[in-house]
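Below you'll find the structure, written out as structure tokens, and then a few comments.
Chains as they are written, first to last, in our numbering: chain A, 10 to 256; chain B, 22 to 373.
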């Protein structure tokens, strides 16, 4: 569904991604894990059209995304839940969700939008309770749910998430990720970028590990969870624990 | 700046959402339902009362000027308050509207109403052309860009003597008339201007509560986030800029045919700043705030005449005091004060 070949991204003259390849198949959850500054977010901003000037190949459903502005990417069926959520704090929860369906409302798809609104509110009942509140008054977890809900309102076929676990309590993280696997079961394809490798790999089918702009490891999520290198670098366990067989 | 959005106004363009079962039920009493229209009713009633009982040329003039300034302020508020894009050159569109109709009616002897479409279209076109490159700028840079634009247009008014009459101004602009009906009378013109004001308020509040308005607020918050949900930010900014220029041009048209004489000094940099002050004092992202801001800034100099040479000082002082006590503008300040008073009366905390 999504095919990335030899992607190179630049911020001015600094190269943030040096030739990354990645693919996401229909109906999959793929996790991209990596530390700060490894280029995870850069990859997502490039896909969503917010970072022009990349080189390489970016194909969505067989068609290139080269040169497309962000709104065209959304129209093709790719929605992003941005890093730090970026919900519109001064607007109500309901207005945030309606903004997610901006392009569909422009096309007068009011019936479909209302159906999806009901669906999103049933996935996240807390948003229903808070419908009229300013989004800025929501807690971090609720804001993340709103950000996901907003992205779903565009009726995407591919959902991109940039660190959905950021700054959230473990319980809320669990809830967010179980929502993702539920969405996958309904047929949505998901690419999630995370530092929280444990949570991200637990729900994923496949995973990639990115380090300083290069893909260093790839495989089935379950295998990556067991991989010594991943354990050492991302699961917070000391390398010595495994190599020296300490009890 | 995360502005609180004005909640009142006419319903948006989409069919209303079903009220979710879990949401707090809306009280839908008659008073509640009429509340969004209260402002329109009060203004209309006030004008009718004035029209019936009062007959004072000075006050009629003053009220008409408030109306024209309100048109300017509400237009800029769409750009500045809602979309968060600063424009320090709005007097240019005001002037372009006035000079377009002035030149057409004086030099070519067009009837004023025939000049109206051109008086709106020329500034709108200029806004489109100027907006394309300048709206790519952000923050201070956009301010500088629009400031420069305003100054260039001002110089154009002053130097293009053949068309604008130069520094001496353009004299002999005809008063407004629709066929045999003259619209020149003081009160008639007052009603005409305020009709335009209420119409523009209706349009603006429809825009604000629609898909487009939400997109503008989203751009105000973060252009990246707005783009990520699919808003064509450049296009939305350009549209609101052109709309705002057209409103300023309408104000210019009404102004030109009211005073029948225009000169470059009415459209200088200081006028642009005054429009910005009206928006900020009245309240950013508040349609009715434009009315309060324009009202205060038009009336204040009149009230302060008694202080003669200290007038300007006190004028500045009042603005500073207003900004200290109502940093979010008069509208928000008055609403908050009302809320506090009501709460103290009922003795209850804020209702959830």
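Cβ coordinates follow ideal geometry from the N, Cα and C atoms, glycine included. These numbers were taken from a predicted model, which means no experiment stands behind them.
Residue 131 of chain A, buried or exposed, once every other Cβ within 10 Å from all chains shown has been counted against 16
Within the first chain, the letter at position 122 stands for residue 131 of chain A. Exposed is the call here.
Please list, in chain order, all residues of the same chain as residue 102 of chain B whose beta carbon is under 7 Å from its beta carbon, the five residues on each side excluded.
Sequence index remark: in the second chain, residue 102 of chain B carries index 81 (1-based). Closer than 7 Å at Cβ, skipping near neighbours: 24, 300, 305, 306 and 307.
Write down the C-beta distance between residue 14 of chain A and residue 72 of chain A rounded to the nearest angstrom, noting that I regard them as a contact closer than 8 Å.
Locating residue 14 of chain A in the first chain gives position 5, counting from the first residue. Locating residue 72 of chain A in the first chain gives position 63, counting from the first residue. Contact flag wrong, Cβ pair sits at about 14 Å.
Residue range of the beta strand (DSSP E) that includes residue 41 of chain A:
Against the first chain, residue 41 of chain A aligns to sequence position 32. Start and end: 38–43.
Whole angstroms is fine: what's the gap from residue 118 of chain B's alpha carbon to residue 192 of chain B's?
Position 97 of the second chain, counted from the first residue, corresponds to residue 118 of chain B. Position 171 of the second chain, counted from the first residue, corresponds to residue 192 of chain B. Roughly 16 Å between the two C-alpha positions.
Assuming residue 11 of chain A and residue 88 of chain A make a contact with CB atoms under 8 Å, what is their CB distance in whole Å?
Start at 1 with the first residue of the first chain, and residue 11 of chain A comes out as number 2. Start at 1 with the first residue of the first chain, and residue 88 of chain A comes out as number 79. No, residue 11 of chain A and residue 88 of chain A are not in contact; Cβ-Cβ is about 13 Å, not under 8 Å.
What three-state label does DSSP hand residue 97 of chain A in the structure shown?
As a first step, residue 97 of chain A must be located in the first chain, where it is residue number 88. Correct three-state label for residue 97 of chain A: coil.
Following the continuous alpha helix (DSSP H) through residue 32 of chain A, name the residue where it begins and the one where it ends.
By 1-based counting over the first chain, the position of residue 32 of chain A is 23. Premise fails: residue 32 of chain A lies in the beta strand (DSSP E), 23–33, not in any alpha helix (DSSP H).
Would residue 316 of chain B pass as a contact of residue 350 of chain B if the rule is Cβ separation under 8 Å?
Counting from 1 along the second chain, the entry for residue 316 of chain B is found at position 295. Counting from 1 along the second chain, the entry for residue 350 of chain B is found at position 329. No. Outside cutoff.
Counting beta carbon pairs with one atom in the stretch 102–119 of chain A and one in the stretch 132–142 of chain A, are three or more of them shorter than 8 Å?
yes
Can you round the beta-carbon distance between residue 292 of chain B and residue 115 of chain B to whole angstroms, since I take them to be within the 8 Å contact cut?
Translated into the one-based positions of the second chain, residue 292 of chain B becomes position 271. Translated into the one-based positions of the second chain, residue 115 of chain B becomes position 94. Right, their Cβ atoms sit about 7 Å apart.
Assigned exposure category for residue 366 of chain B - 16 Cβ within 10 Å defines buried
Residue 366 of chain B sits at position 345 when you count from the first residue of the second chain. With fewer than 16 other Cβ atoms within 10 Å, it is exposed.
Helix, strand or coil: which one does DSSP assign to residue 193 of chain B?
Here residue 193 of chain B is taken as the residue at index 172 of the second chain, counted from 1. Here residue 193 of chain B sits in coil by DSSP.
Within chain B, partners of residue 163 of chain A - CB distance below 8 Å
Reading the first chain from its first residue, position 154 is the one you call residue 163 of chain A. Chain B residues near residue 163 of chain A: 250 and 251.
By the three-class DSSP mapping on this structure, what secondary structure does residue 17 of chain A have?
In the first chain, counting from the first residue as 1, residue 17 of chain A sits at position 8. Strand at residue 17 of chain A.
Helix or strand or just coil, what does DSSP make of residue 12 of chain A?
Mapped onto the first chain, residue 12 of chain A falls at position 3. Correct three-state label for residue 12 of chain A: strand.
Helix, strand or coil for residue 329 of chain B? Go by DSSP, reduced to three states.
Numbered from 1 along the second chain, position 308 holds the residue referred to as residue 329 of chain B. Reduced to three states, the DSSP call for residue 329 of chain B is helix.
Grouping DSSP H, G and I as helix and E and B as strand, with all else coil, what is residue 281 of chain B?
As a position in the second chain, residue 281 of chain B is number 260, starting the count at 1. In the structure shown, residue 281 of chain B sits in coil (DSSP, three-state: anything other than H, G, I, E or B).
Give me whichever residues DSSP pairs with residue 217 of chain A in a beta bridge.
By 1-based counting over the first chain, the position of residue 217 of chain A is 208. Bridge partners of residue 217 of chain A: A/41 and A/227.
For residue 222 of chain A, the nearest candidate out of A/70, A/241, A/47 and A/95 (CA to CA):
The sequence position of residue 222 of chain A within the first chain is 213, counting from 1. Comparing Cα-Cα distances from residue 222 of chain A to each of A/70, A/241, A/47 and A/95, the minimum goes to A/47.
Starting from residue 236 of chain B, find everything on chain A with Cβ-Cβ shorter than 9 Å and list it in chain order.
Position 215 of the second chain, counted from the start, is the residue given in the question as residue 236 of chain B. Going along chain A in sequence order, the residues near residue 236 of chain B (Cβ under 9 Å) are 108 and 111.
Quick check on the DSSP output: the alpha helix (DSSP H) that includes residue 115 of chain B runs from which residue to which?
Here the question's residue 115 of chain B lines up with position 94 in the second chain. Run containing residue 115 of chain B: 111–128, per the alpha helix (DSSP H) assignment.
When the Cα atoms are used, what is the spatial distance from residue 203 of chain B to residue 197 of chain B?
Here residue 203 of chain B is taken as the residue at index 182 of the second chain, counted from 1. Here residue 197 of chain B is taken as the residue at index 176 of the second chain, counted from 1. Roughly 7 Å between the two C-alpha positions.
Residues bridged to residue 199 of chain B [DSSP beta-bridge criterion]
Taking the second chain and counting its residues from 1, one reaches residue 199 of chain B at position 178. DSSP output for residue 199 of chain B lists B/202 as bridge partner(s).
Inspect the beta-carbon positions of residue 157 of chain A and residue 90 of chain A and report whether they are closer than 8 Å.
Locating residue 157 of chain A in the first chain gives position 148, counting from the first residue. Locating residue 90 of chain A in the first chain gives position 81, counting from the first residue. A contact, by the Cβ cut-off of 8 Å.
Quick check on DSSP: helix, strand or coil for residue 293 of chain B?
Position 272 of the second chain, counting from 1, holds the residue named residue 293 of chain B. Reduced to three states, the DSSP call for residue 293 of chain B is helix.
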